[in-house]
Amino acid sequence: MPPMRESSSSGRRHAWLIAVTLASPAAALATGARAARALRLSVPRSAFVSMSGVDVPLSPLERAAAAAQALGKRFGASTNSAPRLASLFAPRAEQLEAELRALAASGGEIGATLKKFAQLERAAPPPADLLRSAPGLLDGRWLLLATVAAEAGESVASSRSRVGAVNASGIVVDASSAARPVQEICVERGRIGNEIVLSPLGQRVYLRVGGSFGPAEPPAPGTRAIVSFDSLELFTEGGMRLLSAGWVFQLLRSLNPALQNGKEDASWLETTYISERMRLGRGNKGSVFILERLRDGGGPLARSPL
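Just so we're aligned: the sequence shown equals residues -30 to -1, 1 to 276 in mature numbering (1 follows the signal peptide of the UniProt record, and there is no 0).
And the structure:
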């Protein structure tokens, strides 16, 4: 298709369409079809988003957001409009958070959870350069509400995917018990840790796998962090360290090079939604994570630094 020539009047009309889209989602929907035809924009599918082979219907607000993003890219709209656009969709995001939290609490069906997960991602994406412009949003301790974790080498759509599991470079630990895992992130120190409660022989102990955490190099998304697990620790219920065995990860990688994910030598974790209350993430093996911020800094190893 030949490029479209634009007159000054059409430029003014396009600028007006951008303003309408940012100011009023309802008005944007009313003019969206005409705008798409007039601009001949190549935009993503306007009615559905695909996630793990499941087509998820988009809401009118989500379609308005897609229209705004397409118009902004077409005419170089200022990124200063992003916070304003995010605020427009905040009520929708909060509603989806509540619905996703309810699904997680009830151990909802995997398909329903994935659909709601995708809708929340679409409703309010994080800043494109999250790890560089707003790393503090990730800092803190997060309670794992639910996860669909694929075993090493499998996709999340696999029939063998496990719900309620933590996978750290090939070590898959069941995390479906009442004592849910906690994840701690400290961007400044470049560390991440996953804490799990175990009860071998009736004795309650805490297992923590930790590793390095830092922004992925371009052209990877600015929401993606490279994670390289390097420590495995076992603690008593009182917080006393019983065992430190970081060598386990070195051994696993030497025995099974396929576990060296990402860019051949590291796995990655991408934040696809974040608020003061909830964080959604995706891993390089297809796993998805739903986490809730622990405002009181709680969890089994809150007093044991990473």
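Positions of the beta carbon are idealized from the N, C-alpha and C atoms, including for glycine.
- Residue pairing by DSSP puts Met248 in a beta bridge opposite Glu262.
- In summary, Ser237 is buried, with 16 or more beta-carbon neighbours lying within 10 Å of its beta-carbon over all protein chains present.
- DSSP, read as helix, strand or coil, puts Ser257 in coil.
- Under DSSP, Leu177 forms a beta bridge with Ile166 and Leu204.
- Taking the C-beta atoms as reference points, Leu204 is found no nearer than 9 Å to Arg194.
- It is roughly 10 Å from the alpha-carbon of Glu207 to the alpha-carbon of Leu177.
- Straight across, the Cα-Cα distance linking Val258 with Phe87 is about 9 Å.
- The three-state secondary structure of Ala68, taken from DSSP, is helix.
- Straight across, the Cα-Cα distance linking Leu264 with Met248 is about 10 Å.
- Looking from the CA of Gly209, the closest CA among Arg62, Gln65, Leu115 and Pro270 belongs to Pro270.
- Inclusion of Leu114 and Gln153 in the CB contact set at 9 Å is warranted, their separation being smaller than that value.
- The criterion of a C-beta distance shorter than 9 Å is not satisfied by Glu262 and Arg92.
- The bridge partners DSSP lists for Ile196 are Gly184 and Trp238.
- Counting along the chain, the unbroken beta strand (DSSP E) around Leu213 starts and ends at Arg211 to Ser214.
- Leu239 counts as buried, since at least 16 other C-beta atoms from the protein chains shown sit within 10 angstroms of its C-beta.
- Of the candidates Leu213, Ala272, Glu187 and Leu108, the residue whose Cα lies closest to the Cα of Cys156 is Leu108.
- Setting aside the 5 residues that flank it on each side, Arg102 is surrounded in the same chain by Pro185 and Gly192, each with a C-beta closer than 7 Å to its C-beta; the list follows chain order.
- Your pair Val179 and Phe199 checks out as a contact, with CB atoms roughly 5 Å apart and the cut at 8 Å.
- Shown here, Val157 sits in coil according to DSSP, grouped into three states, outside any helix or strand.
- Residue pairing of Ala116 in beta bridges, as defined by DSSP: Ile260.
- DSSP, reduced to helix, strand and coil, places Gly268 outside both helices and strands of the structure shown, so it counts as coil.
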